[in-house]
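K.L.:
One structure follows; several queries about it will come next.
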Amino acid sequence: MQFTRLLGLAVVAMMLCCLLPTSSAQTPTAPGVEIDCDEKNPELDVHPLNDPVVEITCTVRNPSSFQESISVEKEWDGIEVDMILGEDTFDLGPEEEEDFTVTFTGQTRLSADLSYDFTLTATVTNVGMLDWPEALSSNASVSGDLSIATFGMVDLDISDQSTRTMAEGDEVTISFQFQNNG
Numbered sequence: 023m024q025f026t027r028l029l030g031l032a033v034v035a036m037m038l039c040c041l042l043p044t045s046s047a048q049t050p051t052a053p054g055v056e057i058d059c060d061e062k063n064p065e066l067d068v069h070p071l072n073d074p075v076v077e078i079t080c081t082v083r084n085p086s087s088f089q090e091s092i093s094v095e096k097e098w099d100g101i102e103v104d105m106i107l108g109e110d111t112f113d114l115g116p117e118e119e120e121d122f123t124v125t126f127t128g129q130t131r132l133s134a135d136l137s138y139d140f141t142l143t144a145t146v147t148n149v150g151m152l153d154w155p156e157a158l159s160s161n162a163s164v165s166g167d168l169s170i171a172t173f174g175m176v177d178l179d180i181s182d183q184s185t186r187t188m189a190e191g192d193e194v195t196i197s198f199q200f201q202n203n204g
């Protein structure tokens with residue numbers, strides 16, 4: 023009889039546990055930022071017949087559970103090539119991300135020996151409506167290397183372009199200059 027009561031109480035307790043609401047709320051994540059680019063080693067085509075521009079797409083992401091304002095800054099030492107950010111400030115909600123374009127522009131005929139390192143650093147500046155203290159600042163960065171593509175451009179110059187009539191076995195001297203302007 024006592025066993026039956028204990029068994030009944032155990033069954034009732036298990037049924038009550040099934041009826042209790044379960045909490046599915048996630049624990050808030052701390053403010054943070056992520057950044058990445060689809061192409062970390064772009065190559066600039068400087069052939070004289072082409073436009074020396076290359077674009078890469080980068081993504082900045084808010085992995086936290088707060089609204090954040092994020093700024094992106096570039097570190098760039100290119101002298102012959104410019105680096106332009108399509109956008110440098112973002113307001114992102116929780117788990118949101120946004121793409122932006124980075125454009126590199128240069129001149130034609132640059133030396134293929136040139137190479138430039140770049141770094142993009144994303145920093146959380148505001149969380150919600152509050153300025154985020156620099157001491158608590160969260161940042162992320164992505165680095166890459168822009169290189170200059172090699173190209174060939176053959177130039178053939180024949181000084182005397184007149185028509186010649188030749189018989190079998192005749193020899194004629196033709197002067198020409200051949201150079202690679204690539």
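Number 102 in our numbering belongs to position 80 of the sequence shown; there are no gaps in the numbering.
Every residue, glycine too, gets a C-beta built ideally from N, C-alpha and C.
Quick check: the segment 181–198 against the segment 150–161, are there 3 or more CB pairs under 8 Å?
P.N.:
Result no; under three Cβ-Cβ pairs closer than 8 Å.
K.L.:
Leaving out five residues on either side along the sequence, give the residues of the same chain with a beta carbon under 7 Å from the beta carbon of Gln243.
P.N.:
Here the chain covers residues 23 to 204 and nothing more, so residue 243 does not appear.
K.L.:
In this structure, what does DSSP give as the bridge partners for Trp154?
P.N.:
Along the sequence shown, read from residue 1 onward, the residue named residue 154 stands at position 132. BP columns for Trp154 are empty, so no partner.
K.L.:
Tell me the residue span of the beta strand (DSSP E) that contains Gly166.
P.N.:
Locating residue 166 in the sequence shown gives position 144, counting from the first residue. 161–170 is the span of the beta strand (DSSP E), which, as asked, contains Gly166.
K.L.:
Taking the beta carbon of Glu117 as the centre, do at least 16 other beta carbons fall within 10 Å, making it buried, or is it exposed?
P.N.:
Counted from its first residue, the sequence shown places residue 117 at position 95. Exposed.
K.L.:
Is the CB-CB distance between Asn63 and Gly128 below 8 Å?
P.N.:
Residue numbering aside, residue 63 sits at position 41 when the sequence shown is read from its first letter. Residue numbering aside, residue 128 sits at position 106 when the sequence shown is read from its first letter. For Asn63 and Gly128, no; Cβs fall outside 8 Å.
K.L.:
List the endpoints of the continuous beta strand (DSSP E) containing Arg83.
P.N.:
Taking the first residue of the sequence shown as 1, we reach residue 83 at position 61. Residues 75–83.
K.L.:
Could you check the C-alpha separation between Pro50 and Val149 for me, to the nearest Å?
P.N.:
The residue given as residue 50 occupies position 28 in the sequence shown. The residue given as residue 149 occupies position 127 in the sequence shown. One C-alpha to the other measures close to 13 Å.
K.L.:
In or out: Asn72 buried (at least 16 other Cβ within 10 Å) or exposed?
P.N.:
The residue labelled residue 72 in the question sits at position 50 within the sequence shown. Counting Cβ neighbours within 10 Å, Asn72 comes out exposed, since fewer than 16 surround it.
K.L.:
Just mark Ser137 as buried or exposed, buried being the case when its beta carbon has 16 or more other beta carbons within 10 Å.
P.N.:
The count along the sequence shown starts at 1 and reaches residue 137 at position 115. Its Cβ having fewer than 16 others within 10 Å, Ser137 is exposed.
K.L.:
What whole-angstrom Cβ distance do Thr125 and Val75 have, given they're in contact under 8 Å?
P.N.:
As a position in the sequence shown, residue 125 is number 103, starting the count at 1. As a position in the sequence shown, residue 75 is number 53, starting the count at 1. About 6 Å separates the two Cβ atoms, so the contact holds.
K.L.:
Find out if the Cβ-Cβ distance for the pair Asp110, Ser91 is shorter than 8 Å.
P.N.:
Residue numbering aside, residue 110 sits at position 88 when the sequence shown is read from its first letter. Residue numbering aside, residue 91 sits at position 69 when the sequence shown is read from its first letter. The answer is no: Cβ separation not under 8 Å.
K.L.:
Between Pro85 and Glu56, what straight-line distance do the alpha-carbon atoms span, to the nearest angstrom?
P.N.:
Against the sequence shown, residue 85 aligns to sequence position 63. Against the sequence shown, residue 56 aligns to sequence position 34. Each residue's Cα considered, the two are about 7 Å apart.
K.L.:
Spatial neighbours of Trp1 within its chain, please: CB distance less than 6 Å, with the 5 preceding and 5 following residues excluded, ordered by chain position.
P.N.:
What the structure shows of the chain is the stretch from 23 to 204, and residue 1 is not part of that stretch, so it cannot be assessed.
K.L.:
I believe Val68 touches Leu168 by the beta-carbon criterion, under 8 Å. Please report the beta-carbon distance rounded to the nearest angstrom.
P.N.:
On the sequence shown, residue 68 is found 46 positions in, with the first residue counted as 1. On the sequence shown, residue 168 is found 146 positions in, with the first residue counted as 1. The Cβ separation is near 12 Å, so there is no contact.
K.L.:
Alpha carbon to alpha carbon, how far is Ile170 from Ala144?
P.N.:
As a working mapping, residue 170 is identified with position 148 in the sequence shown. As a working mapping, residue 144 is identified with position 122 in the sequence shown. Their backbone Cα atoms lie some 26 Å apart in a straight line.
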